[in-house]
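Enquirer: Take a look at this one; I'll ask things after.
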Amino acid sequence: MNRNVILTCAITGAGDTTAKSPHVPVTPKQIADSCIEAARAGASVAHIHVRDPQTGGISHSVEHFREVMERVREADTDIVMNITAGGGGDWIPDAEDPTRGGPGTDIQTPSERHAPVAELLPELCTLDCGSLNFGDMVYVNTADWLREHARLVQAAGVKPELECFDLGHVWFARQLQQEGLLDGDPLYQLCLGIPWGAEADTETMLAMRNKLPETANWAAFGIGRQQMPMVAQAVLLGGHARVGLEDNLYLEKGILATNGQLVEKAATLIDNLGARVMTPAETRAHLKLRDPRTGQIVEKVVGGDA
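In case it helps, the UniProt record's numbering puts the sequence shown at residues 1 to 306.
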């Protein structure tokens with residue numbers, strides 16, 4: 001069991017959820033405010049996507065990311081920032097010509113995906129470690145693209161969170177480490193319950209955890225109604241946890257949640273298991289992240305348990 005838990009809040013995602021809940025933040029200000037809300041509720045890390053303020057759809061705008069980052073950094077509440085670098089991988093074959101992408105396709109090169117990370121230098125960014133059937137589309141991450149992307153993240157000095165949606169993704173992430181493309185102890189995020197990847201259950205989480213390198217830090221999440229059960233399961237198996245409106249819209253059946261409410265519920269669950277949630281400062285020290293105020297790698301926190 002893990003007694004000191006890094007709790008991430010995935011603030012908004014890029015899915016078609018804005019019509020399903022009024023609490024899903026859309027504009028940079030709303031996303032930043034939701035990060036601050038999650039921090040005040042006790043989250044260690046905010047994981048962010050950005051959206052087109054007019055449509056609520058996917059945005060890759062560096063300026064949208066910049067506004068979110070600046071608003072959060074200027075707030076009086078600290079939180080570790082984790083920018084997605086996994087956008088631009090959506091492939092839906094055209095019905096008339098399957099060699100071309102049809103409506104809904106959104107493809108970016110590794111350098112395009114990396115642009116907000118290189119410009120803004122968050123403490124963390126995601127690096128999705130493989131392709132898969134993601135619902136009714138294909139999420140594209142070829143091996144050579146991932147190697148290129150890993151090199152870009154490494155050169156920027158940002159720690160990648162290795163998102164693994166299936167067991168083969170863990171295998172490839174280990175390969176990246178063997179090839180020298182990951183610095184320090186790796187950080188994994190086991191992404192469970194997305195059709196048609198790894199299922200959100202104990203057997204699957206345990207199988208993926210057992211394939212991780214000995215020095216790895218890891219977290220896991222489940223989507224929808226499996227969100228809180230996977231929080232408990234991850235902590236009991238020695239990992240960290242993630243909640244948030246990217247993955248689940250409901251506090252309980254029929255009751256829509258805010259990000260702050262999901263963080264509070266998860267933090268209470270973690271406390272009831274006999275563990276505690278790490279502060280952002282402790283998280284930086286535990287993962288050896290760069291302090292955004294000084295630009296230096298944090299090695300320890302005075303008086304902390306990290």
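C-beta: ideal position from N, C-alpha, C; glycine also.
Which residues mark the beginning and the end of the beta strand (DSSP E) in which residue 240 is found?
Expert: 240-243
Enquirer: For residue 233, count neighbouring Cβ atoms within 10 angstroms of its own Cβ and tell me buried if that reaches 16, exposed if not.
Expert: buried
Enquirer: In the DSSP assignment, what are the bridge partners of residue 189?
Expert: 163, 219
Enquirer: Only counting the same chain, and skipping five residues up and downstream in sequence, which positions put a Cβ closer than 7 Å to that of residue 302?
Expert: Because the pLDDT of residue 302 is 48, which lies under 50, any placement of that residue in the model is unreliable, and the number read from its coordinates should be weighed accordingly. Closer than 7 Å at Cβ, skipping near neighbours: no residue.
Enquirer: Hey, how far is the Cα of residue 128 from the Cα of residue 274?
Expert: 32 Å
Enquirer: Can you give me the Cβ contacts of residue 6 inside the same chain, cut-off strictly under 6 Å, excluding the 5 residues immediately before and after it?
Expert: 44, 240, 278, 283
Enquirer: Compare the C-alpha of residue 65 against each of 3, 147, 29 and name the closest.
Expert: For residue 65, the closest alpha carbon among the candidates 3, 147, 29 is that of 29.
Enquirer: Run through the region 64-134 for me and flag every whole beta strand (DSSP E) of 3 or more residues, listed as ranges in chain order.
Expert: 80-83, 89-91, 124-128, 132-134
Enquirer: Is the distance from the Cβ of residue 21 to the Cβ of residue 192 below 9 Å?
Expert: no
Enquirer: Out of 261, 35, 173, which has the shortest C-alpha to C-alpha gap to residue 160?
Expert: 173
Enquirer: Report the CB separation of residue 79 from residue 35 in whole angstroms; it is logged as a contact under 8 Å.
Expert: 6 Å
Enquirer: Spatial neighbours of residue 31 within its chain, please: C-beta separation below 7 Å, excluding the five flanking residues on both sides.
Expert: 11, 12, 25, 48, 50, 68
Enquirer: Looking at the unbroken alpha helix (DSSP H) that takes in residue 286, where does it start and where does it end?
Expert: 280-287
Enquirer: Return the residue from the list 164, 81, 135, 87 that minimises the CA-CA distance to residue 291.
Expert: 81
Enquirer: In whole angstroms, what separates the C-alpha of residue 250 from that of residue 23?
Expert: Taking C-alpha positions only, residue 250 is separated from residue 23 by approximately 10 Å.
Enquirer: Can you give me the C-alpha to C-alpha distance between residue 114 and residue 260, rounded to a whole angstrom?
Expert: 28 Å
Enquirer: Among 104, 152, 123, 100, which one has its Cα closest to the Cα of residue 110?
Expert: 152
Enquirer: Hey, quick one: how far does the alpha helix (DSSP H) through residue 264 stretch, first residue to last?
Expert: 259-272
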